[in-house]
Amino acid sequence: MTILHIENTGVAAAELQIRTPGASATQYLAPGESLTVAEARLIALRSAEGGAVELAIENRSDALRLDLYHTSPAETKRLRGLWPRQGRGLHLGGDEDLVVLPVGTFKS
901 MTILHIENTG
911 VAAAELQIRT
921 PGASATQYLA
931 PGESLTVAEA
941 RLIALRSAEG
951 GAVELAIENR
961 SDALRLDLYH
971 TSPAETKRLR
981 GLWPRQGRGL
991 HLGGDEDLVV
1001 LPVGTFKS
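Take a look at the structure:
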(Lines of atoms letter the chains of each structure in order from A and count residues from 1; the text may use other names and numbers.)
(Lines give C-alpha, C1' and ligand atoms only; values in the text may rest on other atoms or scores of the structure.)
Protein backbone atom coordinates (compact mmCIF):
# COMPACT_ATOMS: atom_id res chain seq x y z
CA MET A 1 0.00 0.00 0.00
CA THR A 2 1.32 3.43 -0.92
CA ILE A 3 0.73 6.11 1.72
CA LEU A 4 2.48 9.32 0.74
CA HIS A 5 4.16 10.92 -2.27
CA ILE A 6 6.63 13.74 -1.52
CA GLU A 7 8.28 16.05 -4.05
CA ASN A 8 10.97 18.57 -3.16
CA THR A 9 9.91 21.67 -5.12
CA GLY A 10 12.42 24.05 -3.49
CA VAL A 11 16.14 24.73 -3.73
CA ALA A 12 17.34 23.05 -0.49
CA ALA A 13 17.64 19.32 0.26
CA ALA A 14 15.05 17.71 2.53
CA GLU A 15 15.66 15.00 5.13
CA LEU A 16 12.99 12.36 5.80
CA GLN A 17 12.85 10.00 8.75
CA ILE A 18 10.53 7.09 8.03
CA ARG A 19 9.48 4.76 10.83
CA THR A 20 7.73 1.44 10.43
CA PRO A 21 6.79 -1.07 13.14
CA GLY A 22 10.14 -2.85 12.80
CA ALA A 23 12.61 -0.28 11.49
CA SER A 24 13.60 3.33 10.99
CA ALA A 25 15.31 4.87 7.95
CA THR A 26 16.59 8.28 6.91
CA GLN A 27 16.44 9.40 3.28
CA TYR A 28 17.34 12.65 1.54
CA LEU A 29 15.58 14.42 -1.31
CA ALA A 30 17.56 16.82 -3.47
CA PRO A 31 15.68 19.67 -5.16
CA GLY A 32 13.47 18.27 -7.92
CA GLU A 33 13.51 14.71 -6.54
CA SER A 34 10.47 12.82 -5.31
CA LEU A 35 9.80 9.78 -3.14
CA THR A 36 6.82 7.51 -2.58
CA VAL A 37 6.45 6.09 0.94
CA ALA A 38 4.68 2.81 1.74
CA GLU A 39 3.75 1.19 5.07
CA ALA A 40 5.13 3.93 7.33
CA ARG A 41 3.67 4.68 10.76
CA LEU A 42 5.43 8.03 11.21
CA ILE A 43 7.19 10.32 8.73
CA ALA A 44 9.19 13.39 9.79
CA LEU A 45 10.45 15.91 7.23
CA ARG A 46 12.91 18.80 7.70
CA SER A 47 15.59 20.75 5.91
CA ALA A 48 18.83 18.81 5.51
CA GLU A 49 20.83 22.01 5.04
CA GLY A 50 19.29 24.40 7.55
CA GLY A 51 17.53 26.55 4.93
CA ALA A 52 13.87 26.68 3.96
CA VAL A 53 12.33 23.68 2.18
CA GLU A 54 9.40 23.69 -0.24
CA LEU A 55 7.51 20.40 -0.57
CA ALA A 56 4.50 19.07 -2.44
CA ILE A 57 2.86 16.17 -0.61
CA GLU A 58 0.00 13.91 -1.67
CA ASN A 59 -1.94 11.23 0.21
CA ARG A 60 -1.81 8.26 -2.19
CA SER A 61 -3.79 5.96 0.10
CA ASP A 62 -7.38 4.96 -0.63
CA ALA A 63 -8.31 4.58 3.05
CA LEU A 64 -5.91 6.41 5.38
CA ARG A 65 -6.14 10.01 6.54
CA LEU A 66 -2.79 11.74 7.07
CA ASP A 67 -2.62 13.97 10.15
CA LEU A 68 -0.04 16.74 9.77
CA TYR A 69 1.85 18.52 12.56
CA HIS A 70 4.11 21.54 12.06
CA THR A 71 6.77 21.75 14.79
CA SER A 72 9.27 24.46 15.64
CA PRO A 73 11.37 25.22 18.73
CA ALA A 74 8.54 27.45 20.00
CA GLU A 75 5.38 25.43 19.27
CA THR A 76 3.64 22.46 17.68
CA LYS A 77 0.59 23.13 15.51
CA ARG A 78 -1.82 20.66 14.00
CA LEU A 79 -2.42 21.42 10.33
CA ARG A 80 -5.37 20.51 8.16
CA GLY A 81 -4.94 16.81 7.41
CA LEU A 82 -4.94 15.13 4.03
CA TRP A 83 -7.81 12.85 3.11
CA PRO A 84 -7.25 10.07 0.56
CA ARG A 85 -6.06 11.41 -2.81
CA GLN A 86 -5.58 14.99 -1.52
CA GLY A 87 -2.37 16.97 -1.89
CA ARG A 88 -0.90 20.33 -0.89
CA GLY A 89 2.24 22.43 -0.94
CA LEU A 90 4.20 23.23 2.24
CA HIS A 91 6.99 25.58 3.28
CA LEU A 92 9.27 24.65 6.20
CA GLY A 93 11.79 27.06 7.70
CA GLY A 94 15.27 25.86 8.61
CA ASP A 95 14.33 25.00 12.21
CA GLU A 96 10.87 23.57 11.46
CA ASP A 97 9.69 19.98 10.98
CA LEU A 98 6.61 18.39 9.48
CA VAL A 99 5.38 15.21 11.17
CA VAL A 100 2.96 12.99 9.23
CA LEU A 101 0.90 10.36 11.06
CA PRO A 102 -1.23 7.96 8.99
CA VAL A 103 -4.59 7.30 10.69
CA GLY A 104 -6.86 4.37 9.86
CA THR A 105 -6.62 0.66 9.12
CA PHE A 106 -3.49 -0.54 7.33
CA LYS A 107 -4.35 -3.05 4.60
CA SER A 108 -2.10 -4.35 1.84
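Offset between the sequence shown (1-based) and the numbering used here: plus 900.
For every residue, glycine included, the Cβ atom is placed at its ideal position computed from N, Cα and C.
Practice item. Taking residue 1002 as part of the beta strand (DSSP E), name the residues at either end of that continuous run. Key: The residue you call residue 1002 lines up with position 102 of the sequence shown. Note, residue 1002: beta strand (DSSP E), 997-1003.
Practice item. For residue 975, count neighbouring C-beta atoms within 10 Å of its own C-beta (all shown protein chains included) and say buried if the count is 16 or more, exposed if not. Key: Working through the sequence shown from its first residue, we reach residue 975 at position 75. So residue 975 counts as exposed.
Check your understanding: Should residue 969 and residue 999 be called a contact, given that it needs their Cβ atoms to be closer than 8 Å?
Key -> Within the sequence shown, residue 969 is the residue found at index 69, counting from 1. Within the sequence shown, residue 999 is the residue found at index 99, counting from 1. Yes, these two residues count as a Cβ contact at 8 Å.
Exercise for review: Reducing DSSP to helix, strand and coil, say where residue 962 ends up.
Suggested key: Taking the first residue of the sequence shown as 1, we reach residue 962 at position 62. Reduced to three states, the DSSP call for residue 962 is coil.
**Study point:** Cβ separation of residue 993 and residue 956, assumed to be a contact under 8 Å, to the nearest whole Å
**Key:** The count along the sequence shown starts at 1 and reaches residue 993 at position 93. The count along the sequence shown starts at 1 and reaches residue 956 at position 56. Cβ atoms of residue 993 and residue 956 stay farther apart than 8 Å, at about 17 Å.
Check your understanding: Residues in its own chain within less than 6 Å of residue 977 by CB, not counting five upstream and five downstream?
Key -> Translated into positions along the sequence shown, residue 977 becomes position 77. Taken in chain order, the residues that qualify are 970.
Practice item. Please work out which residues of its chain come closer than 6 Å, Cβ to Cβ, to residue 1009, disregarding the five sequence neighbours upstream and downstream, and give them in chain order. Key: The chain is shown from 901 up to 1008; residue 1009 falls before or after that span and cannot be answered.
Check your understanding: Okay, do the segment 978-987 and the segment 934-941 touch, 3+ Cβ pairs below 8 Å being the bar?
Key -> no
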